[in-house]
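Student: Quick note on this note's numbering: the sequence shown kicks off at 2 and runs consecutively.
Built from N, CA and C at the ideal position, the CB exists for glycine as well.
After the structure tokens below, expect a handful of questions from me.
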Amino acid sequence: MRGIRRENIALIGFMGVGKTTCGQYLARRLGYDYFDTDQEIVKHAGESIASIFKTRGEAAFRALERELVYQTIPQLRHTIISTGGGLGANQEYVNILKQHALVVHLYLPAEDIYARVKGNKSRPLLQTEDPLGRIRELLAQRLPVYHTAHVEVTTQNRTLPQIALQILLNYHFHAARRHRKK
Ligand code: S3P
Numbered sequence: 002m003r004g005i006r007r008e009n010i011a012l013i014g015f016m017g018v019g020k021t022t023c024g025q026y027l028a029r030r031l032g033y034d035y036f037d038t039d040q041e042i043v044k045h046a047g048e049s050i051a052s053i054f055k056t057r058g059e060a061a062f063r064a065l066e067r068e069l070v071y072q073t074i075p076q077l078r079h080t081i082i083s084t085g086g087g088l089g090a091n092q093e094y095v096n097i098l099k100q101h102a103l104v105v106h107l108y109l110p111a112e113d114i115y116a117r118v119k120g121n122k123s124r125p126l127l128q129t130e131d132p133l134g135r136i137r138e139l140l141a142q143r144l145p146v147y148h149t150a151h152v153e154v155t156t157q158n159r160t161l162p163q164i165a166l167q168i169l170l171n172y173h174f175h176a177a178r179r180h181r182k183k
């Protein structure tokens with residue numbers, strides 16, 4: 002746990018688990034800034050994620066994520082960082098996030114994710130004949146990296162205040178532990 006900057010919390014996890022909603026709520030509760038990697042990319046690129054994937058390709062989107070991880074995230078303080086589902090599936094990026102934030106993995110079973118995202122056209126990776134199959138496949142590939150977060154919190158059948166409370170208790174606990182070690 003050494004080296005965590007207590008000033009930030011980063012949320013990682015699969016599409017549809019609630020990273021954005023939860024991140025905005027936590028930022029309001031703590032009076033912190035809110036930084037969303039997807040929103041930043043859309044803002045800088047001047048086009049939607051679906052459009053970036055279509056016109057420039059997934060590799061171009063991943064390069065923009067990489068830039069945020071290396072250039073921008075290390076500068077953030079007192080910020081809740083919400084990440085795209087693919088960013089937190091990259092072990093190199095999670096290791097960097099862990100140096101700058103308490104990293105929290107939000108999770109749900111594949112069926113719950115499917116229920117939340119079905120019919121939504123904004124996620125290019127799920128525009129397939131069999132989105133549930135795709136979710137299961139991607140989730141299986143990604144979970145080993147998501148599991149390397151500092152803390153794991155389910156969002157299944159839980160209210161936003163309950164999820165936030167569990168994250169904040171961990172945040173304060175880790176901060177206090179760090180303080181004692183000094
Ligand atoms: C992606 C997740 C999306 C977005 C992009 C790719 C992924 O973010 O970054 O569509 O690879 O899982 P959300 O997790 O916020 O949906």
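1. For residue 81, write down the residues that DSSP places opposite it in a beta bridge.
2. Give the secondary structure of residue 1 by DSSP, where H, G and I count as helix, E and B as strand, and everything else as coil.
3. Do residue 95 and residue 42 have their beta-carbon atoms positioned less than 8 Å apart in this structure?
4. Tell me the residue span of the alpha helix (DSSP H) that contains residue 95.
5. Within 10 angstroms of the Cβ of residue 9, are there 16 or more other Cβ atoms? Answer buried if so, exposed if not.
6. Can you give me the Cβ contacts of residue 115 inside the same chain, cut-off strictly under 6 Å, excluding the 5 residues immediately before and after it?
7. So is residue 71 buried or exposed if we call it buried at 16+ other beta carbons inside 10 Å?
8. Nearest CA to the CA of residue 51: which residue from 156, 169 and 122?
9. According to DSSP, is residue 161 helix, strand or coil?
10. The ligand S3P heavy atoms versus the CB of residue 113: any closer than 7 Å?
11. If you draw a straight line from the alpha carbon of residue 165 to that of residue 106, how long is it in whole angstroms?
12. Could you check if residue 10 belongs to the surroundings of the ligand MG, using beta carbon to heavy atom distance under 7 Å?
13. Thinking residue 157 and residue 110 are a contact (beta carbons under 8 Å), I'd like their distance in whole angstroms, please.
14. May I ask you to report which of helix, strand or coil DSSP gives residue 106?
15. Taking the alpha-carbon of residue 45 as reference, which of 29, 64 and 32 has the nearest alpha-carbon?
16. Taking the straight line between their C-alpha atoms, what separation do you get for residue 113 and residue 119?
17. May I ask you to report which of helix, strand or coil DSSP gives residue 24?
18. Let me confirm a value: residue 89 is counted as buried when at least 16 other C-beta atoms fall within 10 Å, else exposed. Which label applies?
19. Determine the DSSP secondary structure at residue 45, reduced to helix, strand or coil.
Tutor: Let me spell this out:
1. 10 and 35
2. There is no way to answer for residue 1, as the model of the chain reaches only from 2 to 183.
3. no
4. Where residue 95 is concerned, the enclosing alpha helix (DSSP H) stretches over 92-101.
5. buried
6. 133 and 136
7. It is exposed - the Cβ of residue 71 has fewer than 16 other Cβ atoms within 10 Å.
8. Taking only the C-alpha atoms, the option nearest residue 51 is 122.
9. helix
10. No, the beta carbon of residue 113 sits no closer than 7 Å to any heavy atom of the ligand S3P.
11. 13 Å
12. The model depicted lacks the ligand MG and carries the ligand S3P instead.
13. 7 Å
14. strand
15. The shortest Cα separation from residue 45 among 29, 64 and 32 belongs to 64.
16. Each residue's alpha carbon lies about 10 Å from the other.
17. helix
18. buried
19. Helix.
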